[in-house]
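Below is one structure, written out as structure tokens, with a few remarks after it.
Listed below in structure tokens is the structure:
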């Protein structure tokens with residue numbers, strides 16, 4: 001049994017979820033700015049088309065063409081509402097910034113209570129030395145733009161600022177105590193990597209980050225031979241099967257009990273109802 005554990009989680013749908021349907025939040029925000037004459041269902045349809053068009057024109061949330069995520073989402077929001085308004089009605093300039101801010105924070109999302117309990121309990125045990133000499137590094141791997149760390153922080157988690165492409169630091173070089181108290185040690189976003197799950201390269205980015213962290217801590221030749229790689233997510237294809245294909249172990253969070261057939265097709269995937277079920281896997285993954 002390998003001694004150490006690299007434990008990574010999906011974000012959207014696994015750790016947090018929208019407070020209400022995204023199209024409903026869009027409609028609500030638009031009405032606050034004085035827009036009217038549309039149904040939320042129309043917003044949903046228009047948003048879907050705007051997202052598809054903008055993704056084709058400016059891939060990877062605008063990173064691929066140099067547009068950037070803020071301008072990319074501004075385009076999405078404007079393209080969502082423009083078809084729903086009379087020709088002479090302009091979209092208020094404050095609408096896009098308000099929605100972008102909302103979905104950067106707890107205003108737009110809420111954390112699953114079981115996820116919060118687990119992540120806080122796990123990091124507290126690590127800080128107290130209750131995990132013994134085994135090491136667990138906790139990360140997030142997500143298909144997303146660069147707002148995920150802000151969302152996680154807003155929801156009450158202590159998130160280290162490390163993301164793909166950043167140099168790792170020795171904790172002694174960091175002016176604050178984030179190294180010792182982080183609930184999340186790093187965040188890997190497709191926005192930074194340029195590849196989305198289930199592509200292997202986004203999982204490889206996480207192991208690269210681990211090796212960089214170990215090097216910064218003084219490990220001369222970091223090796224992953226003594227590390228179990230474990231990924232926890234809520235989508236069978238992108239998360240569980242993507243992780244397996246990248247050489248990781250996989251846990252599928254099945255909150256709505258809809259993935260029973262996955263266990264039959266891929267018995268190597270562990271399925272749990274929520275984060276409380278992680279305790280049941282401690283014999284197999286001691287560092288969990």
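Residue numbers (UniProt numbering): 1 to 288. Every residue, glycine too, gets a C-beta built ideally from N, C-alpha and C.
Contact holds between the stretch 7–14 and the stretch 233–243, because three or more Cβ pairs, one in each stretch, are under 8 Å apart. Contact annotation: residue 134 and residue 3 have beta-carbon atoms nearer than 8 Å.
Here DSSP, grouped into helix, strand and coil, assigns residue 209 to helix.
With a beta-carbon spacing of about 31 Å, residue 215 and residue 155 fall beyond the 8 Å limit used to define contacts. Residue 151 carries a helical assignment under DSSP once its states are collapsed to helix, strand and coil.
For residue 26, the enclosing alpha helix (DSSP H) stretches over residues 22–32. Shown here for residue 213: same chain residues with a beta carbon closer than 6 Å to its own, the five before and five after excluded, namely 168 in chain order.
Take residue 108, set aside five residues on each side of it, and the residues of its chain with a beta-carbon closer than 7 Å to its own are 18, 19, 25, 102, in chain order.
Annotated as proximal: residue 187 and residue 148, with beta-carbon spacing under 8 Å. Sixteen is the threshold: since fewer than 16 other Cβ atoms of the shown chains lie within 10 Å of the Cβ of residue 261, the residue is exposed. DSSP places residue 60 within a helical segment (H, G or I) once states are collapsed to three. For residue 74, the secondary structure class from DSSP, reduced to helix, strand or coil, is helix. Take the alpha-carbon of residue 243 and the one of residue 88: they are about 50 Å apart. In this structure residue 79 does not touch residue 41 by the C-beta definition: roughly 17 Å separates them, more than the 8 Å allowed. Put simply, the backbone Cα of residue 71 is about 8 Å away from that of residue 62. The secondary-structure analysis by DSSP pairs residue 231 across a beta bridge with 8, 250. Our two residues, residue 272 and residue 144, have alpha carbons roughly 24 Å apart in a direct line. Annotation for residue 116: no beta strand (DSSP E) segment contains it, though the alpha helix (DSSP H) segment containing it runs 113–127.
Between residue 29 and residue 85, the gap from beta carbon to beta carbon reaches 8 Å or more.
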